[in-house]
Structures are given as C-alpha cells and as structure tokens.
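Counting in my numbering, the sequence shown runs from 341 upward without gaps.
Where a beta carbon is used, it is the ideal one built from N, C-alpha and C, also for glycine.
Everything on this sheet refers to the single structure shown next.
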Amino acid sequence: SYERRDHVYTERPDPAEWEAWRDANLKAEMDQWVKVLEFWIGNGARVDENGNSYQDPNCGTNLVDCTPKTILSFERLHDPATGHDELAKLAAVLEENEGVPIIESQAWTCIYDETIGNEQPGFKNNDHRSGPERDQLGYTLRQLLDFKGEFGKLKTKYSGDANPNTQMIVSFIDDYMVEICMEIIVMSMRF
C-alpha cells in the first residue's frame, strides 16, 4: 500500500543467507513454477499426488475459465526496450473486461516511465536496493544445469502447440535458455 512504500525494495539479502535459502528451496520453487505454468498452459490442468491429471474444479465454475488471455514476461516488462509493449498487452486484456476502469492508452507510456522506468532519486525499484550486487546472488553450475534441463523439457513438450499463448511461453523459455547457457559458459571458463 501507499503507506508501506518506504519498506518496499529496501535491501538484498546477505550472500550467505541467500545461498542457504536458495539451496533449501530451489527444487520446490522450480517445481511450483512448472506447476503454475502447466496449469495455465493446460487451461486449469492439475496433477494429483498419484500423478493423475485432472481439471481444476474451479475452472468453468468459480472462474469463468482458466484460459490465459495473454502471457506477460516479468523480464520483458522491466526491460525498457520491450516494457511498453508488455504493458500494452496487459492493458488490452483489461480493456476487454466490462467494469474495469482503465486510463487512456495515450497515458500508458507515461505510467510505465513513472513507475517501472523511474530512475529519479528517492524512487525505489528493484535495482535500488541496498546490500550486495545482484550478481553476488547467483546459482551454482549444477543448479544452472538443472534449470537448463527443466526448461529444455518444457520447450520440447510445448514447441509443437500452435496456441499463440503457448508459443509466447516457448519464446520466453528461449530467452531464459540463452541467459542460462551464457551463465554456464562464464562459470565453466572459471574452472
């Protein structure tokens, strides 16, 4: 909320704290990320504890449907070169919903520039945290190879799906794979 804005993006963790959290939670976090991704790609598909697929009971009842209207990338939203287009995708979905007030499209660029793109002194965003630099809070080579394997499985599984939203996710996976492979190369050169 507005009153708590001074407590947002305040500091990055100590590298030792980050590594302990990362090592204890990475597998569960990655598994959950894949479950959420597959839920939306599969229009509400879930898997029970026995590995059986089923449709989430809320899909088609409590929710109108579980079909994504668009797919956004956090990284593309926060990249000044692609952020305005990502914001326009989100706004276009909101415009299609009755009863959702939205500002005029001419103001979207201004809103983006004043929030995500704001570099003014005193304005806090993810880059303005105190503490160690982000590159000190990375992953091990083994973890990067695990990411690469998981993303590779997802790409193989969904590359043939003609749904535009699924293809957008495959495009995001390609972006992640490039970053992961570059990091693996850099780490491999250190050995």
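Out of T410, D515, T449, the CA that lies nearest to the CA of N383 is found in T410. R416: member of the alpha helix (DSSP H) spanning 414–417, first to last residue. In this structure, the beta-carbon distance from L477 to S528 does not fall below 9 Å. Scanning its chain for C-beta atoms nearer than 7 Å, with the 5 sequence neighbours on each side dropped, one finds around H418 the residues I456, in chain order. Counting along the chain, the unbroken beta strand (DSSP E) around Q395 starts and ends at 393–395. For W380, the CB contacts under 6 Å within the same chain, skipping 5 residues up- and downstream, are P408 in chain order.
Taken through DSSP and simplified to helix, strand or coil, C406 comes out as coil. DSSP places A356 in the uninterrupted alpha helix (DSSP H) bounded by 355–381. By the neighbour-count definition (other C-beta atoms within 10 Å, threshold 16), E436 is an exposed residue.
Straight through space, the alpha carbons of E438 and Y479 are spaced by roughly 44 Å. Contact between the segment 447–455 and the segment 420–432 is present, with at least three C-beta pairs closer than 8 Å. Taking 8 Å as the upper bound for CB-CB distance, R386 and D371 are not in contact here, some 13 Å apart. Within the model, the alpha-carbon separation for I442 versus L434 is close to 7 Å.
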